[in-house]
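Taking this note's numbering, I'd label the letters of the sequence shown as residues 750 to 1061. Idealized CB from N, CA, C, for every residue including glycine.
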Amino acid sequence: MPDRVIAIVGPTAAGKSELAIGVAQALDGEVVNADSMQLYAGMDIGTAKLSPGQRRGVPHHLLDIWDIRQTASVAVYQRLARQVIAGIHARGRVPVLAGGSGLYLRAALDNLEFPGTDPVIRHRLETELSAAGPAALHARLAGLDPAAASAILPSNGRRIVRALEVIEVAGRPFTAALPHYESCYPVTQIGLGVERPELDQRIADRVDRMWQAGFVAEVATLERAGLREGRTASRALGYAQVLRFLAGECAEDEARTQTVLATRRFARRQQSWFRRDPRVVWLAAATEPGELVGQALAACAAGQAASSQLRA
C-alpha cells in the first residue's frame, strides 16, 4: 500500500530513533522527524539528535530546519511534514515518523486544523505571562481545560498562552479543537512502553551522557548565537536549565539535577498523551533490538492488512 505511514511514538529515552531506523531499513522507508526540538539547528546533544553516521544511510527529514531564534509553529510543521510525506510516497517509499512531540505527530497524521490567532488576546496573555509567570496562567488553564493543562508543562509559558488564546478565540476548550482520532493516511502507530523505574534510569543515564558529550559547551555556543532570543528553543529541556547556570543563577550540579527531574516530568506527560490514543500498538522498549524490530514489522503488517480489509 503506497500511501501508508508508520509512526514510532513514546516518551523520551525509550529508543524511538533506533527503532525507526530499523523499521525504515526493512520497509524501504525514510524517517521524518516528529521531535519539536530536533527541528532546531545546533540543538544536537540535548535533543539526542542522531548524527549522519548514526542514521545508517536512512534518509532523515525535518532536522535542523529552524534557527534557534525562531518561534515554533505546529501549523507550519504540519504543512512541512505533509509535504515531506507526499514526497516520500511519490518515490514509492514508506514514511516513518519518529518523535515524542504528541501534538506535532497528530498535526502530521490527523485531520487537525488550528484555530487562528488574535494579536490583541495574544499580547494581553503574554503581558500577563511576563508579570505573573507561567504557573499562574497554568492554574487558570487547569480550571478552563484540565485535559490541556495535564498535557502542558506548568513551565511552558508559550504553550499555555496559546491554549488560553485558543479558548478565547474559539470559545471552547483547547482540547476540543483536537478532533477524534481520525488519520489522514493508513497509519500504524507503534508505541514504546517503558516501566517508570526503568524510564527514570534511562533519563538519568541520558543526561549523564549529555554532560559527558559537552552539553554545557553546546548551550554556551548556542547562547552566543542568540539562544536566549528564542522563545521556544530557550525553554527546551536541559537548555533552559544550563542557561540558568551560565547566567550564574544556579550551580552546574543543580542544573544537571533539574534537567533530570524536568525530563522525567515531561516523560510522564508524553506517556499520558500517547496512552489516550487507542490506535497505538504498544511494544516493550526493553525487548532485544532485533526482536523489537521484528515485532514492529509484524504490527505494521497487521495494520496494513486491517486497512486493506476496510478498503475492500
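Alpha-carbon to alpha-carbon, A880 and V845: 42 angstroms
Put I870 into one of helix, strand or coil per three-state DSSP. helix
Any idea what DSSP makes of P903, helix, strand or coil? coil
Taking the C-alpha atoms as reference points, what is the distance between V1030 and W815? 31 angstroms
Determine, using beta carbons only, whether L890 and A912 come nearer to each other than 7 angstroms. yes
Would you tell me roughly how many angstroms separate the C-alpha atoms of L854 and L986, rounded to the nearest one? 19 angstroms
Check whether T1008 and Q990 have beta carbons under 7 angstroms apart: yes
Given a cut-off of 7 angstroms, decide if V780 and A797 are closer than it, judged by their beta-carbon atoms. no
Determine the extent of the alpha helix (DSSP H) in which A830 is found, giving its start and end residues. V823 to A839
Put P883 into one of helix, strand or coil per three-state DSSP. helix
Kindly indicate which residue of L776, A763, T761 and P760 has the alpha-carbon position closest to the one of Q1053. L776
Identify whether Q723 lies in helix, strand or coil by the three-state DSSP scheme. Residue 723 lies beyond the residue range present for the chain, which begins at 750 and ends at 1061; the question has no answer from this structure.
Spell out a yes or no on whether the segment 754–761 and the segment 802–822 are touching, meaning 3 or more CB-CB pairs, one atom from each, closer than 8 angstroms. no
Minimum length 4: unbroken alpha helix (DSSP H) runs contained in the segment 977–1036: 988–995 and 1001–1024
Who are the Cβ neighbours of F863 in its own chain at under 6 angstroms, not counting the five residues just before and after it? A824
Kindly indicate which three-state DSSP category V843 falls into: helix, strand or coil? strand
Mapping the DSSP letters down to three states, classify A974 as helix, strand or coil. coil
Cβ shell of G764 (< 7 angstroms), same chain only, five flanking positions each side left out: L941 and A1034
The beta strand (DSSP E) that contains I755, what's its start and end? V754 to V758
Which same chain residues end up closer than 7 angstroms to C933 when comparing Cβ atoms and leaving out the 5 residues on each side of it in sequence? L858, D859 and N860
Identify which residue in R907, R1005 and P895 has its Cα closest to the Cα of R921. P895
Can you round the beta-carbon distance between V758 and F1023 to whole angstroms, since I take them to be within the 8 angstroms contact cut? 5 angstroms
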